[in-house]
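Student: If you want the UniProt record's numbering, it's the 1-based position in the sequence shown plus 19.
Positions of the beta carbon are idealized from the N, C-alpha and C atoms, including for glycine.
In this text the structure is predicted, and so the values were computed from the model without any measurement.
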Amino acid sequence: THRYAKVLQLTLAVLKPDAVAHPIIVEALQQRILENNFIIVRSKDIVWRRRDSEKFYSEHAGRFFYQRLVEFMSSGPMRAYVLAREDAISSWRELMGPTKVFRAHYTSPSSLRAQYGLTDTRNTTHGSDSVESALREISFFFPEFNAEEWLEREKQRAR
Ligand code: RTP
Ligand code: MG
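And the structure:
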């Protein structure tokens, strides 16, 4: 018999300041994380300075929404998670739904952004979009956590 290898991934998930402002929303979001079979490997509450925000979103420098984005992301506390799951990166992005709130309502009404998003900027959650950005973003939020080592150890354990 043949068994397909299940590839465990890590992703960075962030509850943005619009969500963290409301404890009941944080509770609901954390419940959706667990219901969807993610393992919470690390979590922390964090407040960004404006320069953290600018650094994290430097790829968007110059876009029309950049100023409001960096302002928003440094406007209050956030909660960051390292999440593990098979296919964690795309699964978390699917659970979040599209960036733009109108599109989220239209195409994915049960997604987190449809249910809790306020605007295209204050859209409740962030998620890494590739293996490379997951590693980079995890070390941005959790410099003390070695993602590659963690994954390697899990792989050994699963053998
Ligand atoms: P993300 O990077 O947060 O996972 O979201 P994404 O790829 O779906 O969206 P992206 O285009 O990378 O934008 C990053 C974040 O910028 C804010 N944004 N505001 N029109 C707007 O006001 C606007 N567009 C984007 C959102 O917070 C988005 O998540
Ligand atoms: Mg993006």
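Relative to the alpha-carbon of residue 91, which residue among 111, 66, 100 has its alpha-carbon at the smallest distance?
Tutor: As a working note, residue 91 is residue 72 in the sequence shown. Cα-wise, what sits closest to residue 91 is 66.
Student: Exposed or buried, which one is residue 43 when buried takes at least 16 other CB atoms within 10 Å?
Tutor: Taking the sequence shown and counting its residues from 1, the one referred to as residue 43 is at position 24. Per the 10 Å Cβ criterion, exposed.
Student: Given 7 angstroms as the limit, tell me if residue 160 has its C-beta closer than that to any heavy atom belonging to the ligand NAD.
Tutor: With respect to small molecules bound, the structure shown includes the ligand RTP and the ligand MG and not the ligand NAD.
Student: Which residues share a DSSP beta bridge with residue 58?
Tutor: For the purposes of this step, residue 58 is taken as residue 39 along the sequence shown, with counting starting at 1. DSSP lists 103 as partners of residue 58.
Student: Nearest to residue 115 by alpha carbon, out of 31, 26, 162, 27?
Tutor: Walking along the sequence shown from the start, residue 115 turns up at place 96. Minimum Cα distance to residue 115 is reached at 31.
Student: Between the Cα of residue 98 and the Cα atoms of 55, 161, 120, 105, which residue gives the shortest distance?
Tutor: Locating residue 98 in the sequence shown gives position 79, counting from the first residue. Residue 98 has its Cα closest to that of 161, out of 55, 161, 120, 105.
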